[in-house]
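Numbering (our numbering), first residue to last: 302 to 750. As structure tokens, the structure follows; a few thoughts come after it.
Set out below in structure tokens:
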């Protein structure tokens, strides 16, 4: 009878964890995906509706390659010997982790705070681990790697974005004829962006796509060359490549370039030239939005399905193995939950990241997004769970620093920084509260010791 009671409790936890895991995926879609696509909306490259469609498709595709990160989150923070010693306890903790983290994320999303789901989940696991295990049962090596990555990832994202926008600003926007320079560099940026995506797919994508490093590098070169030739061909076929600066509609129809130079103020002429150059980066903004959504799905899906996969594995096999991959069906369910969250509630957070940190144009948004994507995809390749929110905000700040630190809205950054500091303890408190309530309602004979 006692064994049957324990089985019933485990089955109940499995069903509740499935529901809570889906809610967690919903919260990630409403919170983190909105952060990832905020730059695209803020720069007016796409509308919120279009961003939701882009995010939905590419988040789902990215979620299918997130198994390694889910393994780190769900099984890497507590030593496997401690997990195996009391599987029922660890299963209960994973359920409390999911529910407590969801409560905190729902609260943050309601108040439009762009907090990190990764911080929230790790904070919950760490809080529960400290409350129920000895300190030596925690894997301090994995925890150190995760925490160090939280510091380095926004710095790396900022450095990459700073470098890319520094090149754009000095080689294109600051030149006398920025539109000509934009046309010249356009094939390079397209080929680099798609080449990087193909490289990461070959190195860290689904097993059927993976190649050895040198083969993947060769694929990167082939994609870059093909895209470079294709974009050049498209520009030439449209007559854009050979067009002069005076023939690309920098002035109203019916006026000559000389008329505009005589009649229009110099500042307005410069604004028109910059706007004309910026328009060529609209497609790149949309393309990098797809890459960021893909990168985010590959990394942050672990926050939703990692703990649930532990609960399911314990119910199906009676143990928790550190070697078994996350089932594809679980990855798919998590991807669906993210898409639903983005579609139903994501618009509340998009504007905070996209419009309130610094003014974003197509070139600035492109630089911020490609820096974010490179950082997150690199972390995914090494199985590390990083905060996409951190990476993106670091990238946006890096872009702003190219011109001046005064371009950054420090008030918004302070609000975001405070929410980051509060996230880990708040999420841990929520999960500990869930654990306490769960122990109160459970039958004493079925409680894990």
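Cβ atoms here follow ideal geometry from the backbone N, Cα and C, with glycine treated the same way.
Item: Simplified DSSP state of residue 512, which is helix, strand or coil; Value: coil
Item: Three or more C-beta pairs below 8 Å linking the segment 673-684 and the segment 432-444; Value: no
Item: Residue interval of the alpha helix (DSSP H) (run including residue 467); Value: 441-469
Item: Rounded distance between the beta-carbons of residue 493 and residue 589, thought under 8 Å; Value: Going by Cβ atoms, the distance from residue 589 to residue 493 rounds to 11 Å, so no, they are not a contact pair.
Item: Contact check, residue 635 vs residue 432, beta carbons under 8 Å; Value: no
Item: Extent of the continuous alpha helix (DSSP H) run through residue 380; Value: Counting along the chain, residue 380 falls outside any alpha helix (DSSP H), and DSSP gives it neither H nor E.
Item: Span separating the alpha-carbon of residue 322 from that of residue 490; Value: 38 Å
Item: Host alpha helix (DSSP H) of residue 437 (start-end); Value: Segment: none, residue 437 is in no alpha helix (DSSP H) and carries neither H nor E.
Item: Terminal residues of the alpha helix (DSSP H) in which residue 349 lies; Value: 349-364
Item: Extent of the continuous alpha helix (DSSP H) run through residue 416; Value: Where residue 416 is concerned, there is no enclosing alpha helix (DSSP H), given that its DSSP letter is neither H nor E.
Item: Neighbourhood of residue 640 by C-beta distance below 8 Å, restricted to the same chain and skipping five residues each side; Value: 330, 356, 357, 360, 361
Item: Cβ pair count under 8 Å reaching 3, the segment 400-417 against the segment 458-468; Value: no
Item: Which listed residue (687, 633, 581) has its alpha carbon closest to that of residue 596; Value: 687
Item: Which of helix, strand or coil DSSP assigns to residue 759; Value: The structure shown does not extend to residue 759, since the chain is modelled only from 302 through 750, so no value can be given for it.
Item: Closest by C-alpha distance to residue 580, when choosing among 474, 447, 457, 405; Value: 474
Item: Inter-residue spacing [alpha-carbon to alpha-carbon] between residue 395 and residue 609; Value: 7 Å
Item: Nearest neighbour of residue 692, chosen from 613, 600, 511, 642 [CA to CA]; Value: 600
Item: Whole-angstrom distance between residue 677 and residue 698, CA atom to CA atom; Value: 17 Å
Item: C-alpha distance - residue 315 paired with residue 616, whole-angstrom precision; Value: 7 Å
Item: Simplified DSSP assignment, three categories, for residue 479; Value: helix
Item: Residue closest to residue 518, alpha-carbon to alpha-carbon, out of 503, 618, 419, 486; Value: 503
Item: Helix, strand or coil at residue 685 according to DSSP, with G and I counted as helix; Value: coil
Item: Nearest to residue 594 (by Cα), restricted to the options 521, 672, 606; Value: 672
Item: Contact set for residue 725: own chain, Cβ-Cβ below 6 Å, skip 5 residues either direction; Value: 420, 424
Item: Where residue 499 falls, given that 16 or more other Cβ within 10 Å makes a residue buried; Value: buried
Item: Boundaries of the alpha helix (DSSP H) in which residue 608 is found, first to last residue; Value: 603-618
Item: Exposure of residue 530, with buried meaning 16 or more beta-carbon neighbours within 10 Å; Value: exposed
Item: Simplified DSSP assignment, three categories, for residue 387; Value: coil
Item: Cβ separation of residue 482 and residue 574, assumed to be a contact under 8 Å, to the nearest whole Å; Value: So it is not a contact: roughly 10 Å between Cβ atoms.
Item: Length of the line joining the Cα atoms of residue 611 and residue 718; Value: 32 Å
Item: Length of the line joining the Cα atoms of residue 311 and residue 470; Value: 58 Å
Item: Reduced DSSP secondary structure (H/G/I, E/B, other) of residue 726; Value: helix
Item: Contact belief for residue 458 with residue 701 at Cβ below 8 Å, rounded distance in angstroms; Value: Contact doesn't hold; Cβ gap of about 13 Å is too wide.
Item: Cα-Cα separation between residue 428 and residue 398, rounded to whole angstroms; Value: 9 Å
Item: CA-to-CA distance, residue 628 to residue 602, given in whole angstroms; Value: 13 Å
Item: Selected residue, minimal CA-CA separation from residue 734, among 381, 426, 364; Value: 426
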